[in-house]
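According to mature numbering (1 follows the signal peptide of the UniProt record, and there is no 0), the sequence shown holds residues -29 to -1, 1 to 362 in order.
A virtual CB, placed ideally from N, CA and C, is assigned to each residue, including glycine.
Note that the structure is predicted; figures quoted are calculated from it, not measured.
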Amino acid sequence: MFERRLIQTRLPRRNLLAAAAMATLAACAVVPKGPVAPPPPRPTPAPSTSELPTDTQHHRIALLVPMSGANGAVGQSIANAATMALMDTNAKNLRITNYDTSTGAGVAASRAIADGNQLILGPLLADDIPAVAAAARGAKVPLISFSNDQSAAAKDVYVMGSLPGSSVRRTVRYAREHGVTSFAALVPKGDYGERASQSLIAEARAAGGTIMAMESYDRSAASITAAASKLRVRGNFDAILIADSGALSARAAGLLKARGNATPRLLGTELWSGEKAITTAPALNGAWFAAVSDARFPKFVQSYRTRFGAAPYRIATLGYDAVLLTLRVAREWKPGRAFPTSALTSSDGFLGLDGAFRFDRNGVIDRALEVREISGGAVKVVSPAATKFGG
């Protein structure tokens, strides 16, 4: 499900995170889940940059996220992570101001443009992108959204969220390399399911595989079990993709694969990352799925908790990495000039907390993902993510 329907989103570790952040910058040029502790109180909003004196020494960056309302906790988590990135890197050349989109994304964007911001990080929700883009377009200000809806990408609109298609492609490619030739799928109705199924079909065919069957369902336990039962009687498959959360996937898995059987191999998407339910379902033993690497995430969580008193939402790393990206581009970006969007589509890409990433010419994120396997009640990495693009 795309996040447009989302309703959930002193520095003891400073040297450690700062070193990691700067190392990544020097290298190659979900549904969010709730925090394990209640989010910290929302701080007083930052003042408008229009209230500040003219500054020709800093790049003005606007962060557009919900800071109140149903998604306020998610937005605050992203904003906190962006602040962490500035502190960890000791950045002196950026001024980032938060703008609350919960009362109107278009209004927030117009205010950001009037304040002289040259780049917008956000918004979080795909439904807010048209209003933000409309306000920014006249001023030729690009935006890097945290959405995972690739259809929102356009000229000067970049989509940074984790895409289901990327996860499916990586998993299918790995499966083909390990002898899987015939595929079937359970996909939810709606945008997420459509993206997942399209990617499965395209990647399987490109890799010489065959799509044998596909069943769609409403996102409920009753509907997915009914669809799984239909799929089970339709034939034998080497692998079955379940494009849903860990809880619903675990429910369907028992109907698709008998306990102890090696086939069919069950496949998942990035929605399984961090889900406890996938490790407690016997039928999911041996299943594969692809996601961004979690190698740096535990240290990020520890530092975040020390600073803000609670754990971050998983999606908060997008705020951190967006700042790292901006700092990297700022090396060749003179204050007062337009943001050099051509730098975003560098084939070398960037490296952040979530690993290597880059944008294609259409503004869609391309991420280096790792493949994980569920084994014996735990999750292990069986194919590490690339640390850079190219040779």
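Which residues share a DSSP beta bridge with F154?
DSSP lists I182, A210 as partners of F154.
Does N207 pass the burial test, meaning 16 or more other C-beta atoms within 10 Å, or should it be called exposed?
exposed
Nearest by alpha-carbon distance to G245: which of A210, R236, F268, K228 is it?
F268
Let me know the secondary structure DSSP gives F279 once reduced to three states.
helix
According to DSSP, is S36 part of a helix, a strand, or is it coil?
Looking at the sequence itself, residue 36 is Val, so the reference to Ser does not match. Correct three-state label for V36: strand.
In whole angstroms, what is the alpha-carbon distance linking A(-7) and Y284?
Confidence at A(-7) is low in this model, with a pLDDT of 36, below 50, so its placement is unreliable and the value that follows should be read with caution. Going from the Cα of A(-7) to the Cα of Y284 covers about 24 Å.
Quick one: using the 10 Å Cβ neighbour count with 16 as the cut-off for buried, is Q28 buried or exposed?
That one is exposed.
What do you reckon, are the CB atoms on Q121 and V112 nearer than 7 Å?
Going by C-beta atoms, Q121 is not nearer than 7 Å to V112.
Mind the definition here: the region 183 to 190 touches the region 208 to 224 only if three or more C-beta pairs lie below 8 Å; say whether that holds.
Verdict: yes, contact present.
Of the residues L35, Y145, G93, the one placed nearest G132, counting alpha carbons only:
G93
What is the C-beta distance between A210 and A146, in whole angstroms, given that I count them as a contact (C-beta under 8 Å)?
5 Å
Counting along the chain, where does the alpha helix (DSSP H) carrying D59 start and finish?
43 to 60
Would you kindly report the start and end of the unbroken alpha helix (DSSP H) that includes A100?
The displayed chain sequence assigns Ile, not Ala, to residue 100. Where I100 is concerned, the enclosing alpha helix (DSSP H) stretches over 100 to 108.
Bridge-paired residues (DSSP) for Y188:
P159
Cβ atoms of A224 and L237: under 7 Å apart, would you say?
With respect to A224, L237 sits close: the two C-beta atoms are nearer than 7 Å.
Neighbourhood of A155 by C-beta distance below 7 Å, restricted to the same chain and skipping five residues each side:
M183, A184, M185, L202, F208, I211
For A339, the nearest candidate out of S170, A85, F360, P235 (CA to CA)
F360
Mind checking which residues open and close the alpha helix (DSSP H) that includes A86?
Note on residue identity: the sequence assigns Asp, not Ala, to residue 86. Counting along the chain, D86 falls outside any alpha helix (DSSP H), and DSSP gives it neither H nor E.
Leaving out the 5 sequence neighbours to the left and right, which residues in its chain are closer than 7 Å to S354 when beta-carbon positions are compared?
Y145, E341, V342
Nearest to G180 by CA position, among I195, G164, V204, S153, is which residue?
S153
Can you give me the C-alpha to C-alpha distance between Q47 and P235, rounded to a whole angstrom?
42 Å
Y129: first and last residue of the uninterrupted beta strand (DSSP E) it sits in
128 to 130
Using the three-state DSSP reduction, which class does I249 fall into: helix, strand or coil?
DSSP places I249 within a helical segment (H, G or I) once states are collapsed to three.
Measuring CA to CA, which of A53, A258, R308 is closest to V151?
A258
Considering Cα atoms alone, identify which of L157, N51, A177 is closest to A192.
L157
Grouping DSSP H, G and I as helix and E and B as strand, with all else coil, what is A327?
strand
For Y70, which of helix, strand or coil comes out of DSSP?
strand
Apart from the five residues on each side of it in sequence, which residues of its chain come closer than 8 Å, Cβ to Cβ, to Q169?
G136.
Check whether the region 291 to 303 and the region 51 to 64 are in contact - that is, three or more C-beta pairs closer than 8 Å.
yes
Who are the Cβ neighbours of T250 in its own chain at under 8 Å, not counting the five residues just before and after it?
Cβ within range, chain order: I345, G348, A349, V350.
Sorted by chain position, which residues of the same chain lie with C-beta nearer than 6 Å to F271's C-beta, five sequence neighbours on each side aside?
L324
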